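Visitor:
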Amino acid sequence: MARPPDKFRSRLKQLLGLKRDTSGSLSPQLPPIVVEEPVECDELLKEVHPESGNSQSSRARVLKELCEVVAAKQLEEHAVEALWLAVKDLLQPENPADVRHITLQFLTSLVTGQYGSLKLLRAHFFKVIEAHNVPDDLMHR
């Protein structure tokens, strides 16, 4: 069962460090300390996992919103592996092109933001992208 979108959006805003100011607009919240704690991904994984009950398009929409988070914030240990396992089914050729494109965009953001902690996954992602032979996705690879 999918969570209400308001809870997810508020969780996403919390991860991005955004808060509402007195005028009602979103403004960045200054972090109280310089050292940043890794982002916990348990709730986020529930939204994008194939067994979440969410449709492919809603999972892709969540991935699109998460691109900024995974590119800018440090994720907890093993979160990259867990996210990959949760979204790899969305790259299948039988899925709609927009879902595959958003998933490729998400993986690009994930690799960019977590590059320092990828280790062996760096080579795995390279092989996945190299083996992805869907002509419609060439621009997004």
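Residues 153 to 293 in my numbering are what the sequence shown lists, from first letter to last.
Using N, Cα and C, we set each Cβ at its ideal position, and we do this for glycine too.
No experiment lies behind these values; they were computed from the predicted model shown.
#1: Would residue 232 and residue 257 qualify as a contact pair, given that the criterion is a beta-carbon distance under 7 Å?
#2: From what residue to what residue does the alpha helix (DSSP H) around residue 219 run?
#3: Please determine, among 255, 191 and 246, the residue with the shortest C-alpha to C-alpha distance to residue 221.
#4: Between the Cα of residue 288 and those of 246, 268, 195 and 213, spot the shortest distance and give me the residue it belongs to.
#5: Under a three-way DSSP split, which group does residue 186 fall into?
#6: So what's residue 227 in DSSP terms, helix, strand or just coil?
#7: Is the distance from the Cβ of residue 243 to the Cβ of residue 255 below 7 Å?
#8: According to the neighbour-count rule (16 or more other Cβ atoms, all chains shown, within 10 Å of its Cβ), is residue 186 buried or exposed?
#9: Take residue 290 as the anchor and find which of 269, 249 and 272 has the nearest alpha-carbon.
#10: In its own chain, which residues sit with a C-beta less than 8 Å from the C-beta of residue 223, not counting the 5 before and 5 after it?
#11: Over the uninterrupted alpha helix (DSSP H) stretch that includes residue 191, give me the two end residues.
#12: Helix, strand or coil: which one does DSSP assign to residue 205?
Guide: Reading it off the structure:
#1: No.
#2: First-last of the alpha helix (DSSP H) with residue 219: 208-224.
#3: When each option's Cα is compared against that of residue 221, the closest is 191.
#4: The shortest C-alpha separation from residue 288 is found at 246.
#5: At residue 186, the pLDDT of 48 sits below 50, so the modelled position is not reliable; the number obtained from the coordinates is stated separately. In this structure, residue 186 counts as coil in the three-state DSSP scheme.
#6: Strand.
#7: In this structure, residue 243 lies near residue 255, with their beta-carbon atoms less than 7 Å apart.
#8: Because residue 186 carries a pLDDT of 48, less than 50, the predicted location of this residue cannot be relied on, and the following value inherits that uncertainty. Answer is exposed; the Cβ neighbour count stays below 16.
#9: Among 269, 249 and 272, the Cα nearest to that of residue 290 is on 249.
#10: Within the same chain, residue 223 has close Cβ partners 261, 262, 264 and 265.
#11: Premise fails: residue 191 is in no alpha helix (DSSP H) and is neither H nor E.
#12: In this structure, DSSP gives residue 205 a state outside helix and strand, which the three-state scheme calls coil.
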